[in-house]
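Residue numbers (our numbering): 1 to 349. Virtual Cβ for every residue (Gly too), placed ideally from N, Cα, C. Computed from a prediction, not measured in an experiment: that's the story for all the values here. Before any comments, here is the structure.
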Amino acid sequence: MKALVLAPMTTQSLALLRALATVTYESWSETLRLADPEELGRRIASEGYAILVVEADFLPHELFQIAAGLRLVAVARNSVAHVDLTSATRHGVAVVNTPGRNAQAVAELTIGLMLALARRISYLDSYVKSGQWESPWEPYTSPGMRGAELAGKTLGIVGLGRIGCRVARLAQGFDMRISAYDPYLREPPAGQNFSDALSRIDDLVDDLTDLVSQADYISVHVPDTPETQGLLSREHLAAAKASCRIINTSAYHAVDETALVDALQAGHLAGAAFDVFPTHPITPNNPLLNLDNVVLTPHIGGATEETIARHSMMIVEDIERFLGGQIPLRIVNPEVWPHLWPEVSATIG
């Protein structure tokens, strides 16, 4: 069976995959291009690929209409929003994802951004490198350089998915008090030690305003959906302490942009850090670019070698199960399996 891999994978995982299938490896991170969906669909059909592995490529309805013979799509992401799941299911294509693959990476970046805000790391790095450090005592006497410790501060976590729970665990190591808000709290997918995460929460609140008013740091970990747009509204931000700092590594529009900028400029918030934006790269007119009390990173939350290794092994595991007649562990449309496996089995022979 043939597999077309357009997502980055480790050398070790590719070797394992090549023992299972005939593999063509064209990672978008090396080609620096995303496939045109219709061209990709025609290629899948003409070259006989039954398995497709993607990370950044979009797979709309048009692709599934064209991609005859495609039977499994493996998505190297938690979200499958860029895959037309309804069309995949209608065309008998199983879709698997890699939940939690970047949870540790994003959680660690979140803590790093908190430290950058608390100790003004970006500003002080520039201060030294630009030759402004002329006085030996200024770093100790200037209020603008004196930072704050995380220990004893309250971290408000908005969204208790895999990343939010991991942030709670890491923040506990800094002796922070942790409050959390998640109106859709329910039992998580298998593999997430949720009871352990909840044991680390000091205060699970039902009202977002309560969380905001208590927090010294607010960290946002929600999906980017119409429902979460403006989740942290002007009214919520008005309830925050003037010393509060906001970190957003998940969904840009979950925080009211205009209200945030107004609060930062007026000194009603101490700072903010963002790793997500309306467009990537950020547009030159984004108001956050002009604020000294803001730290920005270029959407690198999950950009670690370990993230690639993690999703690579998950994908190989599920492809091996797929080819061996076992339902993949991370299948997101399990209803296709009873009809799909007999067909795949006949193809394998």
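Any idea if residue i is buried or exposed, counting beta-carbon neighbours within 10 angstroms, 16 or more meaning buried?
i	result
Gln265	exposed
Leu289	exposed
Leu329	exposed
Pro226	exposed
Thr154	buried
Pro37	buried
Val128	exposed
Leu32	exposed
Thr11	exposed
Ala168	buried
Asp125	exposed
Arg146	exposed
Gln132	exposed
Gln104	buried
His311	buried
Pro284	exposed
Gln214	buried
Is the separation between the beta-carbon of residue i and that of residue j shorter than 8 angstroms?
i	j	result
Leu269	Leu232	no
Glu55	Pro8	yes
Val106	Val73	no
Ile350	Ile201	The requested residue 350 does not occur in the structure, where the chain is confined to residues 1 to 349.
Asp256	Gly230	yes
Ala350	Thr209	The requested residue 350 is not part of the displayed model; the chain covers only 1 to 349.
Leu117	Ala259	no
Gly69	Ala35	no
Val316	Leu16	yes
Val336	Val93	yes
Asn333	Leu40	no
Ser27	Met313	no
Glu235	Leu170	no
Val42	Leu340	The residue you asked about is not Val; residue 42 is Arg in the sequence shown. Cβ distance not < 8 angstroms, so Arg42 and Leu340 don't count as in contact.
Val295	Leu113	yes
His221	Gly164	yes
Ser87	His61	yes
Asp216	Lys241	yes
Met1	Leu323	yes
So, for residue i: in the same chain, excluding its five sequence neighbours on each side, which residues have a beta-carbon less than 6 angstroms away from its beta-carbon?
i	result
Tyr252	Val276, Phe277, Pro278
Ala180	Ile157, Leu160, Ile201, Leu204
Gly271	Leu117, Arg245, Asn293
Thr347	none
Thr307	Arg101, Asn102, Ala105
Ser243	Ala270
Ile111	Leu170
Leu211	Gly156, Ser179, Tyr181, Val205
Pro338	none
From the DSSP secondary-structure annotation, give me the bridge partner or partners of residue i.
i	result
Gly156	Ser179, Ile218
Thr24	Leu4
Tyr49	Lys2
Ala272	Ile246, Val294
Leu340	For Leu340, which the question treats as bridged, DSSP gives no partner whatsoever.
Val255	Leu232
Val75	Val54
Ile415	This structure leaves residue 415 out entirely; the chain is present only between 1 and 349.
Asp203	Ser179
State yes or no: is the beta carbon of residue i nearer than 8 angstroms to at least one beta carbon in chain D?
i	result
Ser79	Among the chains in the structure shown there is no chain D, since it carries only a single protein chain.
Starting from the C-beta of residue i, find all residues in its chain whose C-beta is less than 7 angstroms away, skip the five residues before and the five after it, and write them out in chain order.
i	result
Ala89	A quick correction: the sequence has Thr, not Ala, at residue 89. Within the same chain, Thr89 has close Cβ partners Asn333, Glu335, Val336.
Asn97	Val75, Arg77, Asn78, Val80, Arg330, Val332
Asp182	Gly159, Leu160
Gln326	none
His309	Checking the sequence, you will find Ala at residue 309 rather than His. The residues are Thr10.
Leu59	Pro37, Val73, His82, Val83, Asp84
Within the same chain, show all residues whose beta-carbon is closer than 8 angstroms to that of residue i, passing over the 5 residues directly before and after it, in chain order.
i	result
Tyr25	Val5, Met9, Leu14
Arg120	Gly144, Met145, Gly147
Glu138	Met145
Leu115	Ile121, Leu150
For residue i, verify whether its CB is less than 7 angstroms away from any heavy atom of the ligand ZN.
i	result
Tyr181	Summarising the ligand content, the structure contains no ligands, and the ligand ZN is consequently not present.
Does the segment 19-34 come close enough to the segment 46-57 that 3 or more CB-CB pairs lie under 8 angstroms?
yes
Using 8 angstroms as the threshold, is the segment 137-154 in touch with the segment 165-177, meaning 3 or more CB pairs across them?
yes
Does the count of Cβ pairs from the segment 243-251 and the segment 61-81 closer than 8 angstroms reach three?
no
The segment 296-307 contacting the segment 63-71, beta-carbon criterion three pairs below 8 angstroms:
no
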